[in-house]
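*Asks:* Residue numbers (our numbering): 941 to 1015.
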Amino acid sequence: MIFVGCVANPAHGEIQLSCDAFKKNPDGTWSPKNRMTLSTDGMDLAVGPGAKFVSGAHFGRLDLYAILERNCNHQ
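1. Decide if residue 967 is buried, meaning its Cβ has at least 16 other Cβ atoms within 10 Å, or exposed.
2. In this structure, what does DSSP give as the bridge partners for residue 977?
3. Which of the three DSSP states is assigned to residue 967 in this structure?
4. Whole angstroms are fine: how far does the CA of residue 984 sit from the CA of residue 1005?
5. With distances taken from CA atoms, which of 1002, 980, 992 is nearest residue 962?
6. Output yes or no for whether 9 Å exceeds the beta carbon distance between residue 980 and residue 986.
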C-alpha cells in the first residue's frame, strides 16, 4: 500500500491517499474503488466508485488528479 500526499506546504493543503484505493479509468480519469470520505482543510468529501477526478479538479486547495497522476500512475 502506497500513501501519497502534499504535506510539506500548508498553502497547498494536505491529504493522505492510498494508491490501492483508486483506479485509473480508460479515459484517463481516476476513480475510487470503494466509497470513501476524503478530508482536508476542515472539509469532508464523500465519494464512491462512480466519481471521476479529472485534470484540474480541486478539493480544497488540492488537485487530486495531479496527486494521483504523480504518485500512482505507475501501477
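In this text, a Cβ means the ideal position worked out from N, Cα and C, and glycines have one as well.
Bear in mind the structure is a predicted one, so any value in this text is a computation, not a measurement.
*Replies:* According to the structure data:
1. It is exposed - the Cβ of residue 967 has fewer than 16 other Cβ atoms within 10 Å.
2. Note: residue 977 sits in a beta bridge opposite 986.
3. In the structure shown, residue 967 sits in coil (DSSP, three-state: anything other than H, G, I, E or B).
4. Taking the straight line from one Cα to the other gives about 17 Å.
5. Comparing Cα positions, the closest option is 992.
6. Not closer than 9 Å, so no.
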